[in-house]
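Participant:
Here it is, written out as structure tokens:
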């Protein structure tokens with residue numbers, strides 16, 4: 001179908017380039033804020049994440065961790081090899097030699113890594 | 115298929131309302147925002163409700179408005195301020211839905227389909243939006259609601275703007291009854307030329323158009339005719355989403371000249387400046403274009419001549435000095451030597467710069483590096499920090515237009 005039929009308003013929009021630039025910056029700022037904001041997790045989700053971690057430690061399963069720190073979101077996949085509850089750290093073997101140490105507080109998501 | 119709930123929010127006399135919100139002493143007085151008459155921008159860009167009640171209209175020359183209302187208060191435009199207010203309003207709308215599409219500086223679509231309606235109904239939600247906009251910005255907002263963006267736009271333009279509650283809702287059930295008796299010019303997408311075309315074939319109302327077979331419209335006016343037929347039926351396939359802001363088919367720039375330009379050298383000088391501006395904006399978006407378009411408007415306001423031509427480039431580029439010869443060719447080929455009032459250049463068929471980047475010769479790489487450095491300097495220190503010496507010659511517009519938005523004071 002022609003774009004004019006499908007999106008007649010997008011085709012006929014009249015926007016100043018400066019306005020478009022401001023909107024782009026605004027959209028990027030909103031996205032950044034969303035990415036850097038900590039998602040709300042309920043007790044059930046936290047229990048499920050704890051279970052996944054314990055199962056992976058016991059059965060030697062790979063997990064994918066979603067992390068949030070001051071630089072934004074990132075992800076890390078590997079085999080959890082040790083949890084230091086006192087220091088609040090998790091050691092993950094990513095296969096690159098020395099295990100990577102991550103702060104448990106920076107973990108916002110855990111999922112199985114196939 | 116579940117029906118959608120689309121809102122169109124339109125800000126009343128936006129520029130004038132922003133000026134009044136900024137300076138409350140203007141409230142209740144006839145206010146008109148207009149450009150500088152000395153630079154031929156002396157037309158009314160927006161008039162307050164009080165000025166409109168006295169017959170002042172948008173697009174009217176300032177002198178005419180003053181004759182109708184001698185005590186009218188003229189205010190110079192502040193374009194950046196209007197953009198900031200528009201963005202503030204977008205932010206308020208985003209508290210209700212993340213699907214907001216600004217259609218222009220003073221109109222925004224909201225898709226509230228499947229969303230929690232804070233007021234419980236579209237009407238109550240619209241009322242809440244109107245109150246929020248008023249309390250946070252001091253601007254009156256009118257809202258049209260429909261099952262698609264077209265119905266929302268028609269509800270707003272044809273009904274909500276005339277109602278004291280500033281709200282109206284159209285849907286598939288009432289669309290025909292309410293809109294078909296309206297004159298054809300009220301239909302979205304029908305301008306004065308199309309009104310004339312329709313009147314020639316006996317179409318005077320939206321209902322007359324709706325009664326015509328779709329094929330006739332398609333055969334006579336192509337896709338545009340078909341879209342108008344669909345609009346008359348209240349059918350629209352558009353969607354509302356923030357991602358559409360990213361879409362851009364081309365980059366263009368038009369300048370209304372401060373006086374009628376007759377001298378070829380002067381016109382070509384302005385064309386060079388505009389080409390530079392267009393290319394710089396294209397490069398800023400990391401794009402290159404394949405087609406250039408030149409538009410020249412004649413000086414006679416009542417019978418504007420001029421022309422509009424485009425040409426495909428041998429290869430995609432965003433280099434002004436590659437595009438400018440093509441612009442010059444188009445201009446020299448089609449200009450009838452009559453004075454011009456406005457000129458515009460656009461670069462269309464945009465593609466990603468990186469995708470098509472070919473290995474450059476040493477010379478081209480050097481030129482590219484020079485262009486990039488010049489862009490960075492202008493980005494950091496302003497448009498006038500580095501410019502061609504030709505912009506100091508009579509007729510040049512760069513220095514006058516620098517720092518302006520849409521040709522008006524920022």
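Residue numbers (the working numbering), protein chains in the order written: chain A, 1 to 114; chain B, 115 to 524.
Note that CB positions come from ideal geometry on N, CA and C, so glycine has one too.
1) Go to residue 7 of chain A, then tell me how far its beta strand (DSSP E) extends in each direction, as first and last residue.
2) List the residues of chain B whose Cβ lies closer than 7 Å to the Cβ of residue 39 of chain A, in chain order.
3) Could you check the C-alpha separation between residue 339 of chain B and residue 465 of chain B for me, to the nearest Å?
4) Can you pull the chain B neighbours of residue 23 of chain A, defined as C-beta to C-beta under 8 Å?
5) Just the Cα atoms here: how many angstroms apart are residue 314 of chain B and residue 303 of chain B?
6) For residue 305 of chain B and residue 270 of chain B, I'd like the C-alpha separation in whole angstroms.
7) Jot down the residue ranges of each uninterrupted alpha helix (DSSP H) in the stretch 12-75 of chain A, minimum 4 residues, whole runs only, in chain order.
8) Applying the 10 Å Cβ sphere with the 16-neighbour rule, what's the burial state of residue 295 of chain B?
9) Decide yes or no for the touch test of the stretch 435-450 of chain B against the stretch 385-403 of chain B: beta carbon pairs closer than 8 Å, at least 3 of them.
10) Can you tell which of B/354, B/173, B/257, B/205 has its C-alpha closest to the C-alpha of residue 22 of chain A?
11) Is any beta-carbon of chain A found at less than 8 Å from that of residue 338 of chain B?
12) For residue 110 of chain A, report the span of its beta strand (DSSP E) as first-last.
13) For residue 260 of chain B, which three-state DSSP category applies?
14) Can the beta-carbon of residue 65 of chain A be found closer than 8 Å to that of residue 352 of chain B?
15) Just how far apart, CA to CA, sit residue 96 of chain A and residue 38 of chain A?
16) When burial is assigned at 16 or more other CB atoms within 10 Å of the CB, is residue 470 of chain B buried or exposed?
17) Taking residue 218 of chain B as part of the alpha helix (DSSP H), name the residues at either end of that continuous run.
18) Taking contact to mean at least 3 C-beta pairs separated by less than 8 Å, is the stretch 193-200 of chain B in contact with the stretch 229-247 of chain B?
19) Does DSSP put residue 509 of chain B in a helix, in a strand, or in coil?
20) So what does DSSP say about residue 272 of chain B, is it helix, strand or coil?
21) By a C-beta neighbour count over all protein chains shown, 10 Å radius and 16 as the cutoff for buried, is residue 58 of chain A buried or exposed?
22) Straight-line CA distance for residue 132 of chain B to residue 172 of chain B?
23) Return the chain-ordered list of same chain residues with a C-beta closer than 7 Å to the C-beta of residue 401 of chain B, the five sequence neighbours on each side being excluded.
24) Give the residues of chain B in contact with residue 18 of chain A, contact being defined as C-beta atoms less than 9 Å apart.
25) Along chain B, in chain order, which residues have C-beta atoms closer than 8 Å to that of residue 4 of chain A?
26) Apply the 10 Å Cβ neighbour rule to residue 184 of chain B and answer buried if 16 or more other Cβ atoms are within range, or exposed otherwise.
27) Mind checking who residue 531 of chain B pairs with in its DSSP beta bridge?
28) Give me the Cα-Cα distance between residue 196 of chain B and residue 219 of chain B, rounded to the nearest whole angstrom.
29) Per DSSP, what kind of secondary structure is residue 393 of chain B in: helix, strand or coil?
30) So the alpha helix (DSSP H) residue 301 of chain B belongs to, where does it begin and stop?
31) Among B/178, B/503, B/477, B/247, whose alpha-carbon lies nearest the alpha-carbon of residue 123 of chain B?
32) Does the count of Cβ pairs from the stretch 214-230 of chain B and the stretch 96-110 of chain A closer than 8 Å reach three?
33) Residue 344 of chain B versus chain A: which residues are under 9 Å apart at the beta carbon?
Facilitator: In this structure, then:
1) From DSSP, residue 7 of chain A is part of no beta strand (DSSP E); its letter is neither H nor E.
2) Near residue 39 of chain A there are no residues of chain B at all, since even the closest Cβ is about 16 Å away, more than 7 Å.
3) Near 29 Å, if we compare the C-alpha coordinates of residue 465 of chain B and residue 339 of chain B.
4) Residue 23 of chain A reaches chain B at 201, 204, 216, 359, counting residues in chain order whose Cβ is nearer than 8 Å.
5) Residue 314 of chain B and residue 303 of chain B have their alpha carbons spaced roughly 18 Å apart.
6) Going by the C-alpha atoms only, they are around 18 Å apart.
7) Here the runs fully enclosed are 17-36, 43-59.
8) It counts as exposed.
9) Note that the stretch 435-450 of chain B touches the stretch 385-403 of chain B; at least 3 beta-carbon pairs, one per stretch, sit closer than 8 Å.
10) Closest by alpha carbon: B/205.
11) Yes, its Cβ sits closer than 8 Å to a Cβ of chain A.
12) For residue 110 of chain A, the uninterrupted beta strand (DSSP E) run begins and ends at 107-112, by DSSP.
13) Per DSSP, reduced to three states, the secondary structure at residue 260 of chain B is strand.
14) Taking 8 Å as the Cβ cut-off, residue 65 of chain A and residue 352 of chain B do not qualify as a contacting pair.
15) Residue 96 of chain A and residue 38 of chain A have their alpha carbons spaced roughly 29 Å apart.
16) Its pLDDT being 49, under 50, residue 470 of chain B is placed unreliably by the model, and nothing is read from it.
17) Per DSSP, residue 218 of chain B belongs to no alpha helix (DSSP H); it is in the beta strand (DSSP E), 214-218.
18) The stretch 193-200 of chain B vs the stretch 229-247 of chain B: no contact.
19) Coil, per DSSP.
20) DSSP places residue 272 of chain B in helix when its eight states are reduced to three.
21) Of the other Cβ atoms in all chains shown, fewer than 16 fall within 10 Å of the Cβ of residue 58 of chain A; this residue is therefore exposed.
22) Distance between the alpha carbons of residue 132 of chain B and residue 172 of chain B is about 16 Å.
23) When the five nearest sequence neighbours on each side are left out, the beta carbons in the same chain lying within less than 7 Å of the beta carbon of residue 401 of chain B are those of 432, 464, 465, 466, 467, in order along the chain.
24) Ordered by position in chain B, the residues that pass the 9 Å Cβ test against residue 18 of chain A are 193, 194, 197, 519, 520, 524.
25) The answer, in chain order, is 337, 338, 341.
26) Answer is exposed; the Cβ neighbour count stays below 16.
27) Only positions 115 to 524 of chain B appear in the structure, and residue 531 of chain B is not among them; the question remains open.
28) One C-alpha to the other measures close to 8 Å.
29) It is helical.
30) Going by DSSP, residue 301 of chain B is part of no alpha helix (DSSP H) at all; its letter is neither H nor E.
31) Distances from the alpha-carbon of residue 123 of chain B to those of B/178, B/503, B/477, B/247 put B/247 closest.
32) No: the two stretches stay apart, fewer than three of their Cβ pairs being nearer than 8 Å.
33) Going along chain A in sequence order, the residues near residue 344 of chain B (Cβ under 9 Å) are 5, 8.
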